[in-house]
Every structure is written in C-alpha cells, then in structure tokens.
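In the numbering used here, the protein residues as written are 218 to 793. Backbone N, C-alpha and C fix where the C-beta goes; we use that ideal spot for every residue, glycine too.
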C-alpha cells in the first residue's frame, strides 16, 4: 500500500480515535441473574422479530454471533466459524475467552448454564467484561436456546472441553468435562443448535447467501477478525472466508463499484467524544467512537448504512440524524463562504446534499439503547451530538484542505437543488394540467365506482392489450390504462426528467395521489389514491418483463407508500 499524504480524504480523523482493547477478567462474578426464560417461547416476536419469516430464523444466528463479535471488540477473538451442518443444525465457534464455567455464587449453578437459561443474565450488564457490546440486552444466545429443539454449548477453557446440552431452554445434560485440549492455552466457545419447527413455522432451513451477506458486513465493520462460513449440506462442501484489513473503507469502495465517482478516494471521518451514560443508576462519563466513510457518486439516490456496535440499524437512529444535519450544515457553510451559490439558486436541502451519496456510519457506544431487541434503530440522544460534531469538523477540514474536490461536490449538490426545484415546478404543472384538462387521461378506461377500496386499475402494455382487457373487465370496479413503449428508467434520471415522460404523467394523473416525497403541492398522498389496487399486467415475454421492472422501480422510488401499504400487484398472464 502506498503511503497516504496527510491531507488525503482517508486521513480526516481525530488522534487516538481507535477504541481501546479492554483485557479485564471474565468469570462468574460478572454474570447477573434477572429472570427466567418462559416469556421467550410465549412471545418470540419480541426478541427475534417474526419467527415465521426467513429474517426471524436467521436472527437466531446473529444473536449467537453477536457474542463472538463482542469478544472481538473486547480484544479476545480474531477467528469465528459458522457451519451449517448436514442435519440442518448450525454452529458458531470462536476463539474468544470461553463462557465462564465456574459456579455462580448467587444461583449455585455453573455460569455457562445461568447465561444460557436465565433471561437478562450475562456479561453485558455493567462495565465488567465488555466495553462495547452489541448484545446488551443479554438475551441473545439464551433466546436461541429457548427457541431451539436442542442447543449445545462446548467451552474450551482451563485445558478442558466443557459440554452442556438443552432442549427448548431446559437443561437436559448438566455441565461436564468431555475431554482434554491438545493445547492447554486454547480458549473459545462453540454453540450448536437446531431451530424448533413449531416456532419457526416458515421453515428451519438456513440460507447460505443470506448469512453470507451479513457475515461480509461484520468483517467490514470489524477489521482484523476472520469470519468463515461453511455449508456441509449436499454432496460438495462450500465455504467462504471474509477478512478486510481496511474495514469500512473497503466496504464503501465495494458499494461504489461500477458507479461514476465524484471523487476517487472515500472520505474518512473518525473521532471519539465523551458521553454521559447511566450505570446502575449512577451517571458516569465514557467514550463513544464514530467511524464514518462516505463517497459521492453520479447516482441520484443515497445509500447510507448505519451500525451501532456492529449491529445493523435498518431504521437509522440518532447517529444518522447527527450525520445528516452536520453534512447539510457543512456543505451550505462552505458553499456560502466561497460564493458557490448564485442568488437565484434555491437553498441546499439535506436531500440535495445526500444525492448520490454512499456512506457507512459505525458507532461504538458503551451503553447503546435500541428501539427493540431486533435493534433496528439507535435511540441514544447523546450520539446525535457525537456524529454531528465529528462530521461537521471533519467535512469542514476536508473542504478547506481539498478545495477542488470540495467544489466538485458542491457543484453536484447545487445541480441536485436546481433539479429538485425544476421537479417541483414540473409536478405542479402535472397537477394543474390534470385539473384544467378535464381531469383524467383520455386513454384511461375508468371504472364507474368512486370507492377506492373496491376499485382497481390495470396497467397494460399497449392499445392491443388494452382492448382485450377492456372486453373482459368488470366496468364497475376495474379500470384499464394502456401505456406505450418502455418507460424512462427512474433509477438513472432526476425527478424533473421523469415528470417530462408522457406515460409517467398519465399514470400519476390516473392514480391521482401525486408523486414524490414532501408536503408540498403535488407530493404523494396515499389518501388521495383513486384505486387501492394498482395491478401491473405486462406481456409474458422479455420486453414485458423489462417494462414490469421499470414500472416497479418507478413505484418503489416515487410512490413507496403505495408499495408499503400493499396497493401494488403484479398479474401473471398466461404464456400461451
């Protein structure tokens, strides 16, 4: 690797911003018992999400895996192996310290048994064994235990192999020593489990590709850890190893592959701030770290991924809020101070500043709080200030030290603002033309019902298909809208260009709910939708599939609420 100049984008970081590697003892005294496991089997959705879905099933793997990642964050683990076995069970093995096996004084049972059977018992409570933990609820592996037909733990510790087995959360084989280790210094834990089919009603078969995607993420987020995935099912074993020395810098570079880049090297912003946390009712100060890498591309949509202590936060949270507000402020400040905005230009919004942006936000917090056990959203208020200050200071420094790149980025943002304003005017034009031109498009064969709940519109390919559909429809509840040719690809065009497309205008007018985000005139409003079923019915050939994909992309990007509300359908026409 060539040496980086001190003013390159990859060196915008605070000194000493890497999290420390704690080396505290880890034994039974650090395991705190709170309550039992029965609630998990009663209401599994509270702990792993919907157990009837593929996501719920695989959440069990990630709950066990979180413990291994926590060992890595604490400086005690650099190898993790996930194996899908031929019988359908799965194991997670690491070379961490191993779950304690000594007796827990308060409960009188081995610590490993307490950790795996008592809800909210674990080393994640208080500040003893782990400084940064994703499994802070302490219910991860024990949840999986409760929801498994059988669950086995092997602990490599003190020169011995310790073994304990459970069925549906109940101990069936007490802790025993089953062998000696060849290397007396070897440590680690191996968890093997088989999901309970009465809980996971959608199936118990693990998906190799699904696991692969998450393991790749974890390797990016935790440079220095080797994660290996093995699938022993089938005639030929397959495996994949993930290891990324440069962490999320490589993550963002991979996200930017095959995209037009506004600047070649990703911008790296790192830092730490002191935050107040609650520790058993006492307020104390501790360090919170933020690691942010970003890359502007020529695309028109943002893609920002958020993580807290290596846990993905699909709904974002306070770290995302701080990042967005600081980036908007930094870009506006630089643009104004350097006279890169003309008087006639609209103000730069947050959406403008993030157009085409790829970013990964990773924070490490000693006491993160999430909106639920599935950890979709980070809710620590103090984290917003941490990411905000690090991003604003880092971007200000980056802009000052890289004026040519700064101008390139600001020019893109200004163009996005101009396009947004043009789109607003175009949207208003579409709305007004619908009002003044008699309302509905001439090619629409509307239904007679005015009740949206029973009305449906079929979007068909061409006048020929439209004619056939009109003959077979129920005129009272079914409307037919023929479209001609292939639509504009909304993934590769700004909204103002999209709205110039005649077929797009026709669909917007027919559905009657507007388009795009926001609260202004012409913005999408689900309550105004004239139909509660929008059915895409294209031909059963290659061109039809392409048109269907373009339509799906349009609805997902410009009318996402229509999709989320279950109003969008695809008809499957016969091939012959």
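- Item | Beta bridge counterpart(s) of residue 523 as assigned by DSSP | Within the chain shown, numbered from 1, the residue matching residue 523 stands at position 306. Beta-bridge pairing by DSSP links residue 523 to 578.
- Message: Using C-beta distances below 7 Å, list every residue in its chain close to residue 605, excluding the 5 sequence neighbours before and after it, in chain order.
- Response: Position 388 of the chain shown, counted from the first residue, corresponds to residue 605. So the list reads 539, 542, 543, once near-sequence residues are dropped.
- Task: Entirely within the segment 555–622 and at least 3 residues each: give me those beta strand (DSSP E) ranges in chain order.
- Result: Whole beta strand (DSSP E) segments, 3+ residues: 574–581.
- Message: Assuming residue 512 is part of the beta strand (DSSP E), what are its boundary residues?
- Response: Here residue 512 corresponds to residue number 295 of the chain shown, with the count starting at 1. 499–513 is the span of the beta strand (DSSP E), which, as asked, contains residue 512.
- Query: Do you know offhand how far residue 522's Cα is from residue 593's?
  - Reply: The sequence position of residue 522 within the chain shown is 305, counting from 1. The sequence position of residue 593 within the chain shown is 376, counting from 1. Taking the straight line from one Cα to the other gives about 12 Å.
- Message: Give the list of continuous beta strand (DSSP E) stretches no shorter than 3 residues that lie fully inside the segment 345–416.
- Response: Counting only runs of 3 or more, we get 365–374, 377–384, 387–397, 405–412.
- List the residues that DSSP assigns as beta-bridge partners of residue 534. For the purposes of this step, residue 534 is identified with residue 317 of the chain shown, where counting begins at 1. Beta-bridge partners assigned by DSSP to residue 534: 595.
- Task: Keeping to the same chain, check which residues put their C-beta closer than 7 Å to that of residue 638; ignore five residues upstream and five downstream.
- Result: The residue given as residue 638 occupies position 421 in the chain shown. So the qualifying residues of the chain are 563.
- Could you check which residue in 757, 548, 283, 366 has the C-alpha nearest to that of residue 414? Locating residue 414 in the chain shown gives position 197, where the first residue counts as 1. If we check each option's Cα against that of residue 414, 366 comes out closest.
- Taking residue 424 as the reference, give the member of 697, 276, 512, 525 with the closest Cα. Mapped onto the chain shown, residue 424 falls at position 207. Residue 276 holds the alpha-carbon nearest to the alpha-carbon of residue 424 among 697, 276, 512, 525.
- Under the three-state reduction of DSSP, which class applies to residue 777: helix, strand or coil? For this step, residue 777 is matched to residue 560 along the chain shown. Residue 777: helix per DSSP, three-state reduction.
- Message: Using a 10 Å radius around the Cβ and a threshold of 16 neighbouring Cβ atoms, would you call residue 442 buried or exposed?
- Response: The count along the chain shown starts at 1 and reaches residue 442 at position 225. Buried, by the Cβ-count rule.
- Task: May I ask you to report which of helix, strand or coil DSSP gives residue 423?
- Result: As a position in the chain shown, residue 423 is number 206, starting the count at 1. In the structure shown, residue 423 falls within a coil segment according to DSSP collapsed to helix, strand and coil.
- Ordered along the chain, which non-local residues of its own chain (more than five positions away) have a Cβ less than 8 Å from that of residue 378? Numbered from its first residue, the chain shown carries residue 378 at position 161. Taking residue 378 as the centre and dropping the five residues before and after it, the same chain places the C-beta of 371, 372, 394, 395, 396, 397, 398 closer than 8 Å to its C-beta, in chain order.
- Among 463, 502, 494, 490, which has the Cα closest to the Cα of residue 483? On the chain shown, residue 483 is found 266 positions in, with the first residue counted as 1. Closest option to residue 483, Cα to Cα, is 463.
- By Cβ distance, which residues of its chain are closer than 6 Å to residue 708, with the 5 residues on each side in sequence left out? To locate residue 708, count along the chain shown from 1; it is residue 491. Once the five neighbours on either side are set aside, the close Cβ partners of residue 708 are 770.
- The beta strand (DSSP E) spanning residue 296 covers which residue range? Here residue 296 refers to the residue found at position 79 of the chain shown. It spans 296–301 - the beta strand (DSSP E) in which residue 296 sits, taken as one unbroken run.
- Item | residue 720 versus residue 763 - alpha carbon distance | Counting from one through the chain shown, the residue named residue 720 turns up at place 503. Counting from one through the chain shown, the residue named residue 763 turns up at place 546. Cα to Cα, the separation comes out at about 15 Å.
- Item | Reference residue 610; option with closest CA among 328, 657, 546 | Here residue 610 refers to the residue found at position 393 of the chain shown. Ranking the options by Cα distance to residue 610, first place goes to 546.
- Message: Am I right that residue 359 and residue 282 are in contact with their C-beta atoms under 8 Å? What's the rounded C-beta distance?
- Response: Taking the first residue of the chain shown as 1, we reach residue 359 at position 142. Taking the first residue of the chain shown as 1, we reach residue 282 at position 65. About 15 Å; that fails the 8 Å criterion.
- Query: Considering only the beta carbon of each residue, do residue 698 and residue 660 sit closer than 8 Å?
  - Reply: Counting from one through the chain shown, the residue named residue 698 turns up at place 481. Counting from one through the chain shown, the residue named residue 660 turns up at place 443. Between residue 698 and residue 660, the C-beta spacing is below 8 Å.
- Query: Where residue 450 and residue 303 are concerned, what is the direct C-alpha to C-alpha distance, given to the nearest angstrom?
  - Reply: Taking the chain shown and counting its residues from 1, the one referred to as residue 450 is at position 233. Taking the chain shown and counting its residues from 1, the one referred to as residue 303 is at position 86. Distance between the alpha carbons of residue 450 and residue 303 is about 5 Å.
- Does the Cβ of residue 218 have 16 or more other Cβ atoms within 10 Å, making it buried, or fewer, making it exposed? Sequence index remark: in the chain shown, residue 218 carries index 1 (1-based). Unreliable positioning characterises residue 218 in this predicted model, as indicated by a pLDDT of 45, which lies under 50. A coordinate reading is not provided.
- Message: Going by DSSP, what residue range makes up the alpha helix (DSSP H) through residue 471?
- Response: In the chain shown, residue 471 corresponds to position 254, counting from 1. Here the alpha helix (DSSP H) through residue 471 covers 465–472.
- Task: Between the Cα of residue 608 and those of 727, 405, 560, 486, spot the shortest distance and give me the residue it belongs to.
- Result: As a position in the chain shown, residue 608 is number 391, starting the count at 1. Measuring from the Cα of residue 608, the nearest candidate turns out to be 486.
- Task: Check whether the segment 573–593 touches the segment 507–523, taking contact to mean three or more Cβ pairs, one atom from each stretch, closer than 8 Å.
- Result: With the cut-off at 8 Å, the segment 573–593 and the segment 507–523 touch.
- Item | C-alpha distance - residue 774 paired with residue 733, whole-angstrom precision | Working through the chain shown from its first residue, we reach residue 774 at position 557. Working through the chain shown from its first residue, we reach residue 733 at position 516. Cα to Cα, residue 774 sits roughly 8 Å from residue 733.
- Query: Buried or exposed: where does residue 759 fall if 16 or more other Cβ atoms within 10 Å of its Cβ makes it buried?
  - Reply: On the chain shown, position 542 is the one that residue 759 refers to. Burial check for residue 759: the Cβ neighbour count within 10 Å stays below 16, so the residue is exposed.
- Check whether the Cβ atoms of residue 529 and residue 364 lie closer than 8 Å to each other. In the chain shown, the residue the question calls residue 529 occupies position 312. In the chain shown, the residue the question calls residue 364 occupies position 147. No, they are not a contact pair.
- Query: When the Cβ atoms of the segment 380–392 are set against those of the segment 321–338, are three or more pairs found closer than 8 Å?
  - Reply: Using a C-beta cut-off of 8 Å, the segment 380–392 makes contact with the segment 321–338, since at least three inter-stretch Cβ pairs fall below that distance.
- Please confirm whether residue 672 and residue 749 have their CB atoms less than 8 Å apart. Within the chain shown, the letter at position 455 stands for residue 672. Within the chain shown, the letter at position 532 stands for residue 749. With respect to the 8 Å criterion, residue 672 and residue 749 are classified as neighbours on the basis of their beta carbons.
- Can you say whether residue 620 is buried or exposed, counting buried as having 16 or more other CB atoms within 10 angstroms of its CB? Residue mapping note: residue 620 aligns to position 403 of the chain shown, counting from 1. Residue burial annotation: residue 620 is exposed, with fewer than 16 other C-beta atoms found within 10 angstroms of its C-beta.
- Item | Selected residue, minimal CA-CA separation from residue 298, among 334, 409, 317 | Taking the chain shown and counting its residues from 1, one reaches residue 298 at position 81. Minimum Cα-Cα distance from residue 298 among the listed residues 334, 409, 317 corresponds to 409.
- Item | Length of the line joining the Cα atoms of residue 631 and residue 569 | Within the chain shown, numbered from 1, the residue matching residue 631 stands at position 414. Within the chain shown, numbered from 1, the residue matching residue 569 stands at position 352. For residue 631 and residue 569, the gap between their C-alpha atoms comes out near 7 Å.
- Query: Below 8 Å between beta carbons: does that hold for residue 495 and residue 584?
  - Reply: Along the chain shown, read from residue 1 onward, the residue named residue 495 stands at position 278. Along the chain shown, read from residue 1 onward, the residue named residue 584 stands at position 367. Judged by beta-carbon spacing, residue 584 lies within the 8 Å limit of residue 495, meaning their Cβ atoms are closer than that value.
- Through-space distance from residue 334 to residue 473, alpha-carbon basis: As a working note, residue 473 is residue 256 in the chain shown. As a working note, residue 334 is residue 117 in the chain shown. Roughly 44 Å separates the two Cα atoms.
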